[in-house]
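Line by line, the protein sequences are chains A and B.
For the first sequence, position 52 matches number 51 in numbering that gives the first Met the number 0, and the numbering has no gaps at all.
For the second sequence, position 273 matches number 272 in numbering that gives the first Met the number 0, and the numbering has no gaps at all.
Yeah, the Cβ is synthetic: ideal placement off N, Cα and C, and Gly gets one too.
Given the structure is predicted, the values throughout are model-derived calculations rather than measurements.
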Amino acid sequence: MVKLVQTEEEAMLQDAGRALLEKSAPVSRLRELRDQGQTHDDALWQEMVAAGWAGILVPEAAGGADMGHAAAHVLAREMGRNLTVSPFLSTAVIAATVLRRCDDPRSQLALGEIASGARTYALALDEKAKFDPEHIELKAEKRGNGYVLNGEKRFVVGGSNASHVLVLARGEDGLCLFDLPADRGGLSRTSSEMIDSRDAAELVFENVELSGDEILGMAGSGGSLLQFGLEAGQAALAAETEGLAQAAFEMTTGYLKERKQFGVPIASFQALQHRAAHLWCEIELTASAILHAGRMLDSDPQNATLAVSLAKARATDTAQLAVREGVQMHGGIGMTDAYDMGFYMKRARVAAEWLGDYGYHADRVARLRGF
Amino acid sequence: MTTESGTEFADAPDFRKKIRVWLEENCPAEMRDGAGGEAEICWGGRNWTFACEGQKLWLERCATVGLTVPTWPKAYGGAGLSREQDKILKEEMAALNARSPLDSFGIWMLGPALLKFGTEEQKQKFLPPIARGEIRWCQGYSEPGAGSDLAGVQSRAEDKGDHWLVNGQKIWTSYADKADWIFALLRTDKDAPKHKGISFVLMDMKSDGITTRPIRLISGASPFCETFFDDVKVPKEQVVGEVNRGWDVAKYLLTHEREMISAGGQTMGAGRPLGAVLAESETGASDPVLRADAMRTEVDALAMELTLERYKDQAEGGQGVGDASAMLKYAGTELNKRRLELVMAAGGSDALVWGDGRAASWLRTKANSIEGGTSEVMLSIISRRILGLGA
Ligand SMILES: Cc1cc2nc3c(=O)[nH]c(=O)nc-3n(C[C@H](O)[C@H](O)[C@H](O)COP(=O)(O)OP(=O)(O)OC[C@H]3O[C@@H](n4cnc5c(N)ncnc54)[C@H](O)[C@@H]3O)c2cc1C
């Protein structure tokens with residue numbers, strides 16, 4: 000039976016991850032990008048690629064490191080701590096998970112290009128303001144050997160920068176998942192200015208023509224194929240969110256020790272001590288859920304749904320608490336743009352919504368638990 | 000119409016009818032779209048530019064009959080209405096969906112303090128211009144080292160015989176860059192125990208030696224500032240209340256500020272009932288978890304509204320609600336934060352975009368439980384002063 004403790008290998012990965020991100024992608028880097036109006040940092044992504052992160056879920060045969068989901072979570076958590084902007088989740092986690100389930104030459108090629116940094120992906124799924132992968136209306140019409148896509152996607156995270164897009168569409172036989180280059184004729188992308196200073200695009204498909212081998216898996220199987228990618232993404236996002244909560248928590252306790260009011264450090268007030276202690280308890284519980292989700296995805300991916308939804312629901316809730324308490328316990332300074340806590344609050348809000356919010360995942364937990 | 004005197008309202012036998020007719024005849028069409036967001040507020044002041052002719056007319060007409068500050072005495076620009084009449088006025092304004100003609104720190108905070116602690120001269124000099132929206136005020140309480148420990152202020156005013164000489168720094172001064180005057184807490188006796196050596200001082204922001212610098216908030220807006228005093232000369236008569244007893248004035252003013260923030264808590268940012276917001280969202284109403292959360296918040300919001308009503312009824316006579324304002328401030332602002340969390344959740348990814356408005360309001364509400372005294376400080380006031388727990 001797998002154990003819920005970090006392996007030595009994971010601990011080493013964590014150290015390496017922390018070192019790289021503290022140097023190349025601290026929160027100040029996000030601020031810089033925000034101030035320059037940029038949502039992507041290609042130099043950083045290439046550095047991550049060189050460190051083998053892009054290929055963390057890519058089989059060795061295709062040039063990856065194939066370290067598994069729990070390892071991917073270690074990196075995602077470090078990115079959460081630093082609010083690092085990168086296509087890691089969409090590309091190295093979601094796309095790689097889907098593609099390795101498609102046993103064909105073109106998916107092998109795609110996986111190789113993910114590992115080498117030649118491709119990045121965005122997932123074009125949402126059509127409504129709330130996550131709802133069951134209700135897809137974007138139309139895929141069969142034409143000759145290929146398809147024609149028409150419709151719209153919203154909240155496509157990283158959509159403006161990615162070289163490729165995974166699109167879930169509705170065909171005659173049911174849901175189909177397509178893999179196409181983002182510069183395909185008829186596909187237009189509009190970026191929105193998101194509160195977390197990252198990119199999320201609106202994609203409009205107008206008679207976008209696809210060849211027959213741009214469909215992944217079989218017609219009608221897109222939903223179940225994507226399911227693996229979604230769960231991998233949800234769990235990794237939960238891990239990122241846990242890292243975010245942990246960092247916000249550390250900033251807060253650091254401030255409590257430093258800030259003086261009434262002639263004493265505010266950390267001496269029990270009203271704050273107990274809440275900090277409570278928050279720490281919440282983070283501990285969430286950490287277990289994340290570790291468990293990683294282990295399940297690696298050992299029994301067919302049955303990981305409950306573990307993943309538990310992790311996403313917990314992480315969402317814990318992070319919201321951590322940033323709320325973070326701002327509140329900082330007082331006025333927590334409300335200023337010059338201080339980093341606001342960045343954590345905004346990212347926590349976006350991460351809460353992406354790939355299903357607390358309600359979506361708590362509801363799934365309820366159903367899987369039989370009520 | 001606008002020449003009519005406020006006297007007639009206060010003494011009118013059929014008050015409701017009279018006020019209704021007046022509102023219908025005088026409220027410009029543009030002002031009948033309810034309380035909008037921050038952008039719709041009329042703050043007044045020396046440099047105010049009206050958003051439209053209707054906003055200007057509405058302010059002038061209301062000011063003429065005392066309806067910008069309905070419960071203030073007529074002598075100082077009010078309409079002398081009783082609390083009962085004021086309630087009717089609010090109801091009739093709501094029925095017409097009329098905007099507030101004027102909002103200001105002068106009305107919410109300084110006015111009540113001047114009415115209680117000001118000399119007759121100070122009242123004559125400052126209250127009518129506040130009622131007419133001619134002076135915009137800001138509040139200079141907080142300092143870098145004096146937040147929750149407000150009595151720790153270090154900015155000082157030295158007695159120079161014929162004037163005060165003021166030096167120091169304030170922080171989080173909302174709208175200092177737009178205000179005409181500031182009311183500030185300054186140390187006038189550095190040797191006295193900290194609550195006993197503070198005075199409440201009024202200063203013209205145009206005085207030599209006052210500068211301000213805006214601070215950007217997490218919501219993207221920059222409504223507040225750092226304010227610096229560098230050898231500012233202040234006339235002697237601009238101290239309110241006794242010298243070194245400014246803490247009493249400050250505390251009294253804070254109870255009004257807290258009531259205002261908690262009442263604002265009902266509408267700020269998104270003035271619509273949560274149920275309606277949810278019903279309009281794409282999937283919000285069908286999400287059982289979100290619906291349950293919203294339901295609980297709606298129930299609490301209704302109870303909060305009634306409590307505000309009840310406390311105001313109890314406090315009839317204009318004395319404020321005293322320490323219980325800490326309860327209103329705490330409950331109102333925490334509730335408002337929950338409300339905006341739910342507005343965000345109902346909005347889904349649409350609400351995560353700048354420019355949508357919801358995100359900025361959501362982020363702004365995070366300050367409600369900090370400004371005017373934090374939730375922690377409110378809970379301490381409740382436990383010590385009302386419940387008699389602890390020292
Ligand atoms: C948007 C905004 C507008 C504002 N506008 C104005 C304005 O116009 N004029 C003005 O003068 N000020 C203004 N303020 C300042 C506001 O009043 C202060 O921020 C507030 O009093 C808290 O002080 P602080 O920021 O120094 O926090 P601190 O006092 O440093 O508090 C930090 C944390 O410690 C907690 N804490 C402190 N002491 C205790 C204790 N004894 N027990 C338990 N917990 C404690 C606090 O509750 C808080 O969570 C504004 C603030 C904001 C955010």
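Beta carbon proximity, residue i to chain B, threshold 9 Å
i      : result
A/W44  : no
A/E352 : yes
A/F370 : no
A/K22  : no
A/K345 : yes
A/D34  : no
A/M375 : Because chain A here runs from 0 to 370, residue 375 of chain A falls outside it and cannot be looked at.
A/Y357 : yes
A/M340 : yes
A/M334 : yes
A/D362 : yes
A/D41  : no
A/L305 : no
CB-CB length for residue i against residue j, believed under 8 Å
i      : j      : result
B/A329 : B/L378 : Note that residue 329 of chain B corresponds to Tyr in the displayed sequence, not to Ala. The pair is a contact, with the Cβ atoms about 6 Å apart (cut-off 8 Å).
B/A130 : B/V64  : Actually they do not touch by this definition, with Cβ atoms about 11 Å apart.
A/T252 : A/E281 : The Cβ separation is near 14 Å, so there is no contact.
C-alpha gap between residue i and residue j, whole angstroms
i      : j      : result
A/A321 : A/D40  : 27 Å
A/Q13  : A/V73  : 6 Å
A/K152 : B/E281 : 15 Å
B/E90  : B/M30  : 16 Å
B/G356 : A/A60  : 49 Å
A/N206 : B/A302 : 54 Å
A/D339 : A/A351 : 19 Å
B/V342 : B/E258 : 24 Å
A/A235 : A/L88  : 7 Å
B/Q84  : B/S261 : 22 Å
B/L277 : B/G347 : 11 Å
A/A71  : A/R183 : 30 Å
B/K122 : B/L114 : 7 Å
In DSSP terms, what residue i is bridged to
i      : result
B/C137 : B/I181
B/H162 : B/P234
B/M202 : B/I181
B/E225 : B/R212
A/S187 : A/V203
A/N149 : A/K138
A/H39  : A/H39 is not bridged to any residue.
A/L165 : A/L122 and A/D178
B/I197 : B/R186 and B/R244
B/V352 : A/M193
B/R155 : B/N166 and B/R186
Cβ of residue i within 9 Å of any chain A Cβ
i      : result
B/L386 : no
B/S360 : no
B/I217 : yes
B/S99  : no
B/G144 : yes
B/D13  : no
B/W171 : yes
B/S261 : no
B/A269 : In this prediction, B/A269 scores a pLDDT of 43, lower than 50, which makes its location untrustworthy; no coordinate-derived value is stated.
B/W246 : no
Cβ neighbours of residue i in the same chain (closer than 8 Å, five flanking residues each side left out)
i      : result
B/G245 : L184, L185, T187, I197, S198, F199, V200, V238 and V239
A/M295 : N302, A303, A306 and V307
B/V352 : A358
B/S382 : L388 and G389
A/L3   : S287, L290, H291 and R294
Residues near residue i by beta carbon distance below 6 Å, same chain, minus five either side
i      : result
A/R188 : G158, S159, A200 and L202
A/K345 : I194 and D195
B/V376 : S147
A/R33  : S196
Close-in-space but distant-in-sequence residues of the same chain around residue i (CB under 7 Å, 5 per side omitted)
i      : result
B/D230 : L164, N166 and G208
A/A95  : L56, V57, L110 and I113
A/R368 : none
B/L362 : I217 and S218
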